Amino acid sequence: MAVVLPAAIASGSLVAQHVAGKATRDTLFLSHFGLGMLPAAMIGAAVVSSVAVIGISRALARYSPARVVPFTFGLGAVFFLLEWWLSLHDERSAAVAVYAHTAVFGSAGVSAFWSLVNERFDPSTAKKIVGRIASGGTVGGVIGGVVVWRASEHLSVPMMLALLAGINLVGLWGALRAAGTKDRRATAREGEARAGGAWKVVRETPYLRDLAWLVLAGAVIQALLDWLLSAHATELYGKGPKLLGFFALFNMIVGVASFAAQTSLAQPLLQRVGLAGTVKWQPTTVGIFGVLTLLSPQMTSVVLLRGAEAVTRNSLYRSAYELFYTPLPTAKKRATKTLIDVGADRVGTALGSAALLVFVHFGSAFASRAVLVAVLGVAAFAYYLSSSLHDGYVSALAASLKSGAVALDADDAHDLTTKRTLAETTALLDRDKLLARIEQFQREKGARTQAAPQSVREPPASIAATTAIDPARDPLLLRATALRSSDVAQVRAALASPLPPALASFAIPLLENDAVVRDVVRALRKIAPRATGQLVDALLDRETDVRVRRRIPRVLAVCRTQRAAAGLMLALEDPVFEVRVEVGLALARMIDEAQLTIASDDVFDVAHHELTTGRASWRRPAPEGEASTDGEIHRGLAHVFTLLGLVLEREPLSIAHRALRSEDPGLRGTAYEYLDVVLPARLRDVVIPLLGDVKPSARSEGTQERGSKELADELLRSSASLPRPSR
C-alpha cells in the first residue's frame, strides 16, 4: 500500500526523536540537577502531561488524528528549536523545558499516531500491516540511537535539540502523506465529538478499564526501571558527554533488538497466540529478568532488565496493544485512546515516582532492591490483566459488527436470521406451481364427478388382507384411506382434525404433494413430539423422496427434545444440499427455543465436512448475470454459518456473514478479524480462503487506485450511522 511507507517513516521519526530526545533529556537533567531530583521531576512531568492530555483528547475527538498528528510533529519541531535557543543562554532552564516537552509530547504523540493508524485501517488489514509500520518505528529507534551515539562525540548536548527538530520535520512529511488530504477534509466536517465523557466510558467499559490498568502498570514499571538504570549509569559514567554516549548506545542496542524481535517474532506470535498472548510476553520477560537482577543486582543485569523490558514493549507489546483498539467505534476510540495511552501512563509514572521518593528516603541500596521487588509485583499484575483481554476484544468486535450491520442491503443478508425468517414467512412452495396445480384440480373436478363416485387409491395390501375389521366402520382405516386418496378435498378433510400418531406414516409421504403440503405440515407439527421416530426414520432414509426429506425438518423444528435434535444432526450427512440447509435451519430454531445440548466438536466436524467434501453439492444453475462460483459459495457459506451459530454466539456471527458482502471494507475487515478469533484453527484454515472469494471488488475509481483497504478509515468512521436501505 502506498500509505504504509509514509506511515512507517512517520513511525520511525516518532521513535527516533523519542529515543534521541529521551537520551538528551536525561543527560541535560542529570547534569544540572542530579539523581535525587529525578523522582520529583518525573512526578511534575506526569502532572503537566495529565493536564495536557485533556486538550489533546479533545483535539483528537474534534479534529481527528488525521489533522492532529501532523500538527504535533510540526509543533514539536518548533519547540525543539526554541529550547535549543534557550539552551544557548540558560542550559539549566532549557533542561526543565525539555523535560516537560518530552513528557507532554512523548506518550501523547505516540498515542495520537497509533490512533491515526487504527482509524486508517480496518482490524483485518491492521493486523497485516501494523507490523510493518511498527518496524519503521524500531528502525527509527536504531537510527535515533546511532545518531545520538555518534553525535555525542562531535556535538554539544544543546545542539542535539536542533537535530531533534529536523527529525520532527521528517515525521511531519510522513504524517501528512499517511493522513491524506481527503481524510483531513472529511474529518473536519465530522468534528463534533467530545471527550468530556471519556472517563465515564472507560469506567463503564470493562475492556477499556483493563487496558487502562495495563497501561498504568507498564508505566509504573518503566518509571521504576528508568530510575534504576539512571542510578547505575550516573554512578558509573558521571555527567556530560559520556553519560549521553551511554544512553545513546543503550537505546541503539535496544532499537536493533526491537527490530529483530519485531520482524521475527511479532507476526508469528500474533497468529499463534493472539493479541492477549502476545501482550503477556512483556510482563513475563520483565518477571524473568527481574528475578535474575534481584539475585545479582549488578550494572549488567540492570541493563539487561531495562533493555528486555524496552525491547518487548517496543516490539511485541506495541504490535499487539495497538490492535486492541481497532474494533472500537471511531467516536469512542478518539475520546478514550489518548486518555488511556497518556492519562493512565502519566498516572502510572506518578505512582512509580512517588514510590521512588519513599524508597530513596531509606537509602540507595534499599531503594534498588525495593524497586526490583515492586517491579516483579506490578509485572505479575500486568500478566493477570493480559489474560482477561481476549474476551473483551471479542466482545468489542461483536459490538462493532452490530453497530455497522445496518449498512447491508436485505438482498445481501444470507445469514441465519434472514434465512430463518424467510423460511417461516415465505410460502412453502412456489406460488406459480400452486396456482397451476389448483387450476388443474378444478379442470379435473368435473371429470371426477361424472366418473366413479369415489376415486381413491386402492388401500395397501396389508389392509386389504385384513378381513377381521370392516374398513367402513373403522375411523382410523377410513382416514388412512382418505390420506391415500388422489382427491385433494378428501386428503384435506382427513388432515383437518388432529392426526393419531399411527397415521403419521400415511401423512409423511404427502409432503411431496405441493397441493396439500401446507395442511400436511400443519397436521404433522401437532403430533411431531409423539411421532419423532417416524419422522426421523423417513428423513434418514435415502430412498425417501427429496421433497419429503427437505420438508421434514420444518416439521421437526417444533420439537423441543434432544432426540429430535440428535436425528437432525444425523441428517446433516444427507447427500442433497437443500436437505442439509433445511436441517440446519430447523436445528437453529430448536436451539433458540429450548435448552438442548449439541457438542461443539460435532458441529465443527460437520462444518468442516461441508466446507470440504460437501462443497461439491453446493452447485446449482446460476441466475443470469451471476457467476456460478460466487453463487455456490454464498449458498454454502450461508449454511455453514447457520451450523456455526448452533454453538457460537449467534448474532455477531450472523452479522459477520452479512458484513462479508458489504461494500464497506471496514465492516468486512472487522468480520474477517472476528472469524479469525472465534473459529477453531481447522475451520479457519478452510473458511478464510473462501471469504476472499466473496469480498466485493472496489467500485469507485479512487478505490481502484488506492485499494479498498486503504479507504477503510473513511468507511469505518461512518459504519455506525449508515442508513438502512430504502424499501
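Last residue of the sequence shown? That's 832 in the working numbering, and every number before it is there in order. Glycine residues also receive a C-beta, built at the ideal position from the N, C-alpha and C atoms. In this text, all values refer to a predicted model and were calculated from it rather than measured experimentally.
Within 8 Å, strictly: CB atoms of residue i and residue j
i      : j      : result
Leu140 : Thr398 : no
Leu749 : Ala712 : yes
Val275 : Ser492 : no
Gly395 : Leu477 : yes
Glu715 : Val745 : yes
Ala643 : Ala628 : no
Gly149 : Gly181 : no
Val384 : Tyr422 : yes
Leu135 : Ala217 : no
Leu583 : Leu608 : no
Thr717 : Val791 : yes
His337 : Val407 : yes
Val203 : Glu188 : yes
Ala671 : Met695 : no
Leu221 : Val153 : no
Leu673 : Thr747 : no
Val247 : Gly360 : yes
Tyr312 : Gly497 : yes
Thr132 : Phe352 : yes
Arg687 : Pro658 : It should be pointed out that residue 687 corresponds to Glu in this sequence rather than to Arg. Cβ atoms of Glu687 and Pro658: closer than 8 Å.
Candidates the options: closest to residue i by CA position
i      : options                           : result
Ala283 : Ala415, Ala786, Gly343 and Ile114 : Ile114
Leu645 : Ala609, Val684 and Thr666         : Val684
Arg668 : Leu701, Val688, Glu687 and Asp697 : Leu701
Ala693 : Lys127, Ser722, Leu661 and Asp710 : Leu661
Glu120 : Tyr430, Trp219 and Gly482         : The residue asked about is misnamed: residue 120 is Val in this sequence, not Glu. Comparing Cα positions, the closest option is Trp219.
Ala470 : Gly343, Trp332 and Ser261         : Trp332
Thr417 : Phe709, Leu428, Val407 and Pro388 : Pro388
Asp315 : Tyr426, Ala112 and Pro175         : Tyr426
Val483 : Pro263, Ser401, Ala381 and Gln327 : Gln327
Phe682 : Met695, Gly672 and Arg655         : Arg655
Leu354 : Gly249, Thr390 and Thr441         : Gly249
Gly457 : Leu329, Thr441 and Val108         : Leu329
Arg630 : Glu617, Leu604, Thr649 and Ala620 : Leu604
Leu490 : Leu433, Ala381 and Ser610         : Ala381
Gln595 : Leu615, Val663 and Val708         : Leu615
Asp446 : Leu765, Phe210, Leu133 and Ile760 : Phe210
Glu756 : Leu788, Ile793 and Asp697         : Asp697
Met357 : Ala112, Thr368 and Val251         : Val251
Ile703 : Ser722, Arg665, Arg740 and Glu687 : Arg665
Leu462 : Met142, Val109 and Asp131         : Met142
Phe486 : Leu349, Arg724 and Ala324         : Ala324
Arg789 : Lys442, Asp710 and Leu349         : Asp710
Asp650 : Leu375, Ala199 and Asp679         : Asp679
Ala145 : Tyr168, Phe185, Ala128 and Val201 : Val201
Gly847 : Asn273, Ser169, Arg255 and Ala151 : The chain is shown from 106 up to 832; residue 847 falls before or after that span and cannot be answered.
Val320 : Leu494, Val708, Ser401 and Ala585 : Leu494
Lys437 : Arg787, Arg720, Glu309 and Thr177 : Glu309
Thr443 : Arg474, Ala199 and Ser169         : Ser169
Leu795 : Ala676, Ser767 and Gly741         : Gly741
Buried versus exposed, by CB contacts within 10 Å (16 or more), residue i
i      : result
Leu758 : buried
Leu784 : buried
Ser824 : Below a pLDDT of 50, predicted positions are generally treated as unreliable, and Ser824, at 37, falls in that range; the measurement from the model is reported next regardless. Ser824 is buried by the Cβ-count criterion.
His123 : buried
Val465 : buried
Asp450 : buried
Thr454 : buried
Phe467 : exposed
Asp195 : exposed
Arg68  : With the chain covering 106 to 832 only, the question about residue 68 has no answer from this structure.
Ala365 : exposed
Arg172 : buried
Met911 : Not covered by the structure: residue 911. The range shown for the chain is 106 to 832.
Gly774 : buried
The ligand HEM heavy atom lying under 7 Å from the CB of residue i
i      : result
Ala670 : Absent from the structure shown: the ligand HEM. Ligands present: none.
Minimum length 4: unbroken alpha helix (DSSP H) runs contained in the region 638-705: 651-661, 667-676 and 682-698
Every unbroken beta strand (DSSP E) within the region 147-190, with a cutoff of 3 residues, ordered by chain: Segments of the beta strand (DSSP E) lying fully in the region 147-190: there are none.
Sufficient close CB pairs (3 or more, under 8 Å) joining the region 157-165 to the region 266-280: no
Contained alpha helix (DSSP H) runs [length at least 4] in the region 426-502, N- to C-terminal order: Fully contained in the region 426-502 are the following alpha helix (DSSP H) runs of length 4 or more, in chain order: 435-443, 450-466 and 469-492.
Alpha helix (DSSP H) runs wholly inside the region 382-433, at least 4 long, in chain order: 404-417 and 423-428
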